[in-house]
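This report concerns only the one structure given below.
2 protein chains.
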Amino acid sequence: MANKINRRSFIKTAAIAGAGMALIPNKALADKKKPSPTETKVRIAFIGVGLRGRNHVSNISKNPDVEIVAFADISADAVAEAQKIIKADGRAKAEEFTLGPTDYLRLLKKPNIDGVLIATPWEWHARMGVDTMKAGKYAGLEVSAATTLEQCWDLVNTYEATGVPCMILENVCYGRQELAMLNMVKKGVFGEIVHARCGYLHDLRGIKFNNGVEFGPKASSEAQWRTNFSEKMNADVYPTHGLGPIAVALDINRGNRFLSISSVATKARGLHEYIVENPQGGQNHPNADIKWNLGDVVTSTIKTSRGETIIVTHDTNVPRPYSLGFKLQGTNGLIEFDGLESGGIKQEDGTIVSPDRIYIEGKTEPHEWESAAKWFKEYDHPLWAKFEAEAKNTGHGGIDFFVDKEFVDAIKEKREPELDVYDAAAWSSVTPLSEMSIEENGEPQFFPDFTRGKWMNRKPIEIN
Amino acid sequence: MANKINRRSFIKTAAIAGAGMALIPNKALADKKKPSPTETKVRIAFIGVGLRGRNHVSNISKNPDVEIVAFADISADAVAEAQKIIKADGRAKAEEFTLGPTDYLRLLKKPNIDGVLIATPWEWHARMGVDTMKAGKYAGLEVSAATTLEQCWDLVNTYEATGVPCMILENVCYGRQELAMLNMVKKGVFGEIVHARCGYLHDLRGIKFNNGVEFGPKASSEAQWRTNFSEKMNADVYPTHGLGPIAVALDINRGNRFLSISSVATKARGLHEYIVENPQGGQNHPNADIKWNLGDVVTSTIKTSRGETIIVTHDTNVPRPYSLGFKLQGTNGLIEFDGLESGGIKQEDGTIVSPDRIYIEGKTEPHEWESAAKWFKEYDHPLWAKFEAEAKNTGHGGIDFFVDKEFVDAIKEKREPELDVYDAAAWSSVTPLSEMSIEENGEPQFFPDFTRGKWMNRKPIEIN
């Protein structure tokens, strides 16, 4: 009941805000809502401090330039855990907002906040991002940033109306191998890029069911909400971990753009089998009757205005080792790697060998792959060389350090983040576009140009 | 001039044959054109004895069950080379047909031929196959079997009208690793198959230009005709090496069928760069002005009636090591390998490690790839165990031995070949269908059902 009341009042608030926006000239609103100046500390608040949100709390708490001022979450327990993290770092207690799913709106009214990091269920990211920008605070959105095309536009339109930046917190863009790949692209190692592959290939069956067979209200953490997308949607519901680094390497929204996408899905078998074969489940468990909508493997083919193609895979329902399935190919050669320094291939003698491989004409031996290890080292990105020690202690092998640092630095330096609202919209739009294409048997869908033509003259991202 | 006259007279002949067919009831024609009985030897003729045709001559010449009776080729030199091969094996000289491109029709009139192996430029395969079946002789067609949908139908319709079998000589279907994969599928290792990948990823720039920059009449061997397809067509012009083994594993035309395909092509850069950067070429060479039609990487996505998806890649214009890019994924796990026992990855210490990898839930260690080597051994196909010694001496690591043996055995045993006319049509139709899809920006195209409904009840291929 509390939820219902809060949701209703939220909608009312949002409607008023929307009506108000229409009356205020954009420029005036932009001036009014500019991020508040910070003297010394960047004041960060968090909406969503579940497992993922607390990763960010933990990283950002180590940053001496930051003051952590508030937490919002529907779970008071989660907030208590977050408080413990910052207390252990010698920080003062943050203000708490735990009165239901729209209590974050109260948080956003606080004047002592410069940026808000949002790590909530996917369907909440965009609306919270919009509200955050409207409140004049930098928005940092976990991935994906949106699940519908309207949400993508909401983010872009709000950014353009308010002038308040919005960053998509795509941590894989800061992976050591991924940044080395970017470095190689910029230095022309591959020649002119023609083709790329990437994806999110991760056996999530355990996560979708807390290693049992339950999800939704009976479950905890991601199984509470993420699994719902497997039941209800047939789409690439999680495209950005693979696509982000490739989009950066291909200058998407900056001289290049996603043009069209065609997507197909396989039959859905994996989750049903998992429930049936799980000791806690079985053929007679009620969840064995669920008709899962999400195909076990979803493959999308994107064409870009510069003439490259990108194959994006979503593969989370069947057993497999983790991979982001990277491949980048140009007129000089190509690289293939699993990404994020994934595991290797176990040999018969027990040794583990990396599958990462590269071929560069005239640099590697003809007709033979070479281990990519040496190349990753040679083209190590300056950012990693500089911050290796700090990064190594943080989440996901260091990438969370860099993405959180960039969010904080952008606020501190009062500039656009490296990964901006147009990236958030274009990358996230793969979810609704792939859904439409799958429903139409692979019919190509055109990407909206979220930049409204600005992509032609925007400069490539400089990650540094 | 000779060519022109011959082509005209060929068309006339073909038209008469076609008119005749309409007057004869199918059953009567089938009876009349049944393969002639063989007492002891299978009598084989060859149309096309260039480099590839002579591989077949060489293999088949080692088969004591075979009599080699005739060679047709536009090049008398090529025929002379073929004669040398069989002479060295102690065989009598074969009859020669070298009076231009349609002289093979004279060959087909000879009564002392049971089967004809056709290894000519792609655009000739189907019409020669049709003429061979009409002449009552088993047709063995090099890949692809056809380049247009009409040709695919011509093959099927002629087979159904004459009752004379037609085999697509897809040698990779007999690869040791590929047959081990099939064995694993049949034994349920992967569970229910949901997804597959394959392709033809082979840097053909040297072959397309004889390592220089010329092609067509000024060039030799494949550069005489193959390169023409790169100039004129934007399609997966060579789909069957990857797709054949996957189609066999997925029971295509036998309980399953290709339903639809969506294809995209990247920009075409590789061949132009190759010409410009070649010492024999350069920016001012006339061939530097050619606008190549074939995209450097062509990616097709096929949906099957059983709900699997197959990603097929054609990648021949840019530098890279050879690969057939196999991946087969089911509800129990997956395998990834380059195919045909391709090369490995060179490590920093100089050792070469195979990239072939497998993951099977409960059989391999959690979250970790295992080298596929052990699995290939454990599931080695009985055919390879039996004929390893004979096979190893023949082309392409042994696969040519098996495909040629199957062609001869089918004739000897008066039965359908394992890879039949419906396979030839379905696999080869990827070329015209991908061309249409690319031209329509990835619009899905529907596969014709070449079996006219028979796929629902046909039994899976037994390779043995």
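If you read the protein sequences in the order shown, they are chains W and Z. First residue of the first sequence: 1385, per this note's numbering; consecutive thereafter. First residue of the second sequence: 1385, per this note's numbering; consecutive thereafter. Backbone N, C-alpha and C fix where the C-beta goes; we use that ideal spot for every residue, glycine too. Please read all numbers here as calculations on a predicted model, not as lab measurements.
The beta-carbon of residue 1671 (chain Z) is placed no less than 7 Å from the nearest beta-carbon of chain W. Residues of the region 1548 to 1567 of chain Z with a C-beta atom less than 8 Å from some C-beta of chain W do not occur. Against chain W, the beta carbon of residue 1757 (chain Z) has neighbours under 7 Å at 1732, listed in chain order. Listed along chain W, the residues sitting closer than 8 Å to residue 1687 (chain Z) by beta-carbon distance are 1648, 1825 and 1826. Listed in chain order, the non-local C-beta contacts of residue 1702 (chain Z) below 6 Å within the same chain comprise 1654 and 1680, local neighbours out to five positions each way being set aside. Boundaries for residue 1585 (chain W): no alpha helix (DSSP H) harbours it, while the beta strand (DSSP E) harbouring it runs 1577 to 1585, taken from the DSSP string.
With respect to the 7 Å criterion, residue 1727 (chain Z) and residue 1752 (chain W) are classified as neighbours on the basis of their beta carbons. Each of W:1704, W:1725 and W:1676 was checked against the Cα of residue 1718 (chain Z), and the nearest Cα belongs to W:1704.
Counting only residues of its own chain and dropping the five nearest sequence neighbours on each side, residue 1432 (chain Z) has a CB closer than 7 Å to the CB of 1457, 1502, 1503 and 1504. Ranked by Cα distance from residue 1811 (chain W), the first of W:1730, W:1607, W:1614 and W:1526 is W:1526. Closest in C-alpha terms to residue 1842 (chain Z), from the list Z:1686, Z:1722 and Z:1635, comes Z:1635. Residue pairing of residue 1714 (chain W) in beta bridges, as defined by DSSP: W:1577. If one requires a minimum length of 4 residues, the alpha helix (DSSP H) runs lying completely within the region 1530 to 1566 of chain Z are 1533 to 1546, in chain order.
Distances from the alpha-carbon of residue 1789 (chain W) to those of W:1528, W:1555, W:1496 and W:1521 put W:1555 closest.
At least 7 Å separates the beta-carbon of residue 1689 (chain W) from that of residue 1821 (chain W).
Scanning the region 1655 to 1731 of chain Z for uninterrupted beta strand (DSSP E) segments of 3 residues or longer gives 1681 to 1688, 1693 to 1699, 1710 to 1714 and 1717 to 1721, listed from N- to C-terminal end.
Residue contact with chain Z for residue 1521 (chain W): absent (no Cβ-Cβ distance below 7 Å to any residue of chain Z). Look at residue 1802 (chain W) here: in three-state DSSP terms it is coil, with no helix or strand label. Distances from the CA of residue 1742 (chain W) to each of W:1568, W:1478 and W:1548 were compared; the closest alpha carbon is that of W:1568.
Listed along the chain, the chain W residues whose CB falls inside 7 Å of the CB of residue 1718 (chain Z) are 1704. Pairwise C-beta distances place the region 1800 to 1817 of chain Z in contact with the region 1610 to 1621 of chain Z, as three or more of them are shorter than 8 Å.
For residue 1524 (chain Z), the enclosing beta strand (DSSP E) covers residues 1522 to 1525. For residue 1772 (chain Z), the enclosing alpha helix (DSSP H) covers residues 1766 to 1776. Residue 1743 (chain Z) has Z:1718 as its beta-bridge partners, per DSSP. Of all residues in the region 1637 to 1664 of chain Z, only 1644, 1646, 1648, 1649, 1650, 1651, 1653, 1654 and 1657 place a beta-carbon less than 8 Å from a beta-carbon of chain W. The three-state reading of DSSP puts residue 1447 (chain W) in coil, since its state is none of H, G, I, E or B. For residue 1597 (chain W), no beta strand (DSSP E) run applies, since DSSP gives it neither H nor E. Taken through DSSP and simplified to helix, strand or coil, residue 1439 (chain W) comes out as helix.
In the same chain as residue 1574 (chain Z), and ignoring 5 residues on each side of it, the C-beta atoms closer than 8 Å to its own belong to 1568, 1712, 1713, 1714, 1715, 1716, 1717, 1718, 1719 and 1744, in chain order.
Across the structure, residue 1583 (chain W) and residue 1559 (chain W) are spaced so that their CA atoms are roughly 15 Å apart.
Out of Z:1763, Z:1562 and Z:1687, the CA that lies nearest to the CA of residue 1641 (chain Z) is found in Z:1687. Per DSSP, residue 1427 (chain Z) is one residue of the beta strand (DSSP E) stretching across 1426 to 1431. Close to residue 1713 (chain Z), with beta-carbon spacing below 9 Å, are these residues of chain W in chain order: 1650, 1680, 1681, 1699, 1702 and 1704. Taking C-alpha positions only, residue 1797 (chain W) is separated from residue 1589 (chain W) by approximately 41 Å. Chain W has no Cβ within less than 7 Å of the Cβ of residue 1626 (chain Z).
By the Cβ test, the region 1534 to 1545 of chain W is not in contact with the region 1592 to 1605 of chain W, since fewer than three Cβ pairs between them sit closer than 8 Å.
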